[in-house]
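Worksheet: one structure, shown below.
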Amino acid sequence: MTLLQVFLLFVAGFLSGVVNAIAGGGTFLTFGAMTLGGLPPIVANATSSIIQFPGYITSTLAYAKEIRVDRKNAIVLGIISAIGGLAGALLLLSLSNPAFRAMVPWLLIAATAIFAAGPLLKPKARSDEHRIGPLGVASQLATSVYGGFFGAGMGIMMLAVLGLATGGGYHRLNALKNFISIVIAAIAIVVFAAGGVVSWLHAAIMVPGAALGGYMGVWAARRVPQAVIRAVVVAVGLLLAAYYFFTG
Numbered sequence: 005m006t007l008l009q010v011f012l013l014f015v016a017g018f019l020s021g022v023v024n025a026i027a028g029g030g031t032f033l034t035f036g037a038m039t040l041g042g043l044p045p046i047v048a049n050a051t052s053s054i055i056q057f058p059g060y061i062t063s064t065l066a067y068a069k070e071i072r073v074d075r076k077n078a079i080v081l082g083i084i085s086a087i088g089g090l091a092g093a094l095l096l097l098s099l100s101n102p103a104f105r106a107m108v109p110w111l112l113i114a115a116t117a118i119f120a121a122g123p124l125l126k127p128k129a130r131s132d133e134h135r136i137g138p139l140g141v142a143s144q145l146a147t148s149v150y151g152g153f154f155g156a157g158m159g160i161m162m163l164a165v166l167g168l169a170t171g172g173g174y175h176r177l178n179a180l181k182n183f184i185s186i187v188i189a190a191i192a193i194v195v196f197a198a199g200g201v202v203s204w205l206h207a208a209i210m211v212p213g214a215a216l217g218g219y220m221g222v223w224a225a226r227r228v229p230q231a232v233i234r235a236v237v238v239a240v241g242l243l244l245a246a247y248y249f250f251t252g
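The number in my numbering is simply the position in the sequence shown, starting from 1, with 4 added.
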């Protein structure tokens with residue numbers, strides 16, 4: 005790996021941290037940078053999970069009070085999501101790189117569409133909290149399978165699902181979403197590491213960039229409209245999808 009490649013990977017990690025802090029969607033940048041740099045798509049996808057993981061932890065710590073208050077729902081949803089995340093990660097490992105490569109453009113288009121629709125899917129503040137029912141269990145299970153398998157756009161999907169499944173205000177749902185993201189990512193990382201599909205070198209280069217970008221994202225959020233960042237991320241997603249379609 006050349007110094008230029010190291011620098012570009014660090015920058016991609018940094019930018020992913022920035023956009024995650026403002027609007028989400030950092031997975032597009034990390035996955036794209038690694039696959040364009042020559043990593044097999046399964047390895048790039050698995051490694052991207054590790055790069056995003058520190059951000060999940062810091063976001064969850066910020067909501068520690070809300071999670072303690074809502075610990076019963078957090079435990080139930082955590083168990084459901086652990087099962088789904090495990091299934092999704094194992095499903096990914098069952099595929100060959102060519103098979104997963106053929107799915108990538110379609111996954112990117114779906115994730116980009118979900119990300120673009122994020123403002124429409126964002127749950128409205130409400131107070132009708134309720135127990136999670138069978139439909140909510142099934143919806144969260146499906147979302148966590150997707151999260152363990154690919155993950156881009158998972159947070160937006162989860163906010164929408166949790167809004168329907170349990171109700172409550174936005175910060176309550178966001179706290180649950182952050183906690184569940186840790187569960188799904190942790191399960192997936194263990195499976196990917198055991199399966200030998202993680203590039204620890206790429207992770208070591210990009211994680212510090214993502215951490216720094218997450219910090220700087222707070223500064224950028226005060227100066228750059230979220231709509232601008234969202235438009236950039238959507239454009240990256242569509243360009244990556246087009247690249248994989250035409251080079252497939």
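Beta carbons: idealized from backbone N, C-alpha and C, even for Gly.
In the structure shown, A121 adopts coil according to DSSP, grouped into three states. Judged by DSSP secondary structure, L43 falls outside any alpha helix (DSSP H); it is assigned neither H nor E.
For A197, the secondary structure class from DSSP, reduced to helix, strand or coil, is helix. Take the alpha-carbon of L97 and the one of M158: they are about 19 angstroms apart.
The stretch 5-19 and the stretch 62-73 do not touch, with fewer than three beta-carbon pairs separated by less than 8 angstroms. DSSP, read as helix, strand or coil, puts A146 in helix.
Bounds of the alpha helix (DSSP H) holding F249 are Q230 to F250. Between the alpha carbons of H206 and M38 lies a distance of about 8 angstroms. A contact between stretches requires three or more CB pairs, one per stretch, nearer than 8 angstroms, and the stretch 231-241 meets this requirement with the stretch 24-34. Non-local beta-carbon contacts of A245 in its own chain, meaning distances under 7 angstroms to residues more than five positions away in sequence, involve P109, L112, I113 and T116 in chain order.
The shortest CA-to-CA distance from Y219 to any of L7, V80 and G17 is the one to G17. Rounded to the nearest whole angstrom, the C-alpha separation of R105 and V194 is 22 angstroms. With a cutoff of 7 angstroms on beta-carbon distance, F35 and A48 are scored as near each other. Burial state of G89 is buried, judged by a 10 Å Cβ sphere holding 16 or more other Cβ atoms. In this structure, the beta-carbon distance from L177 to L168 does not fall below 7 angstroms.
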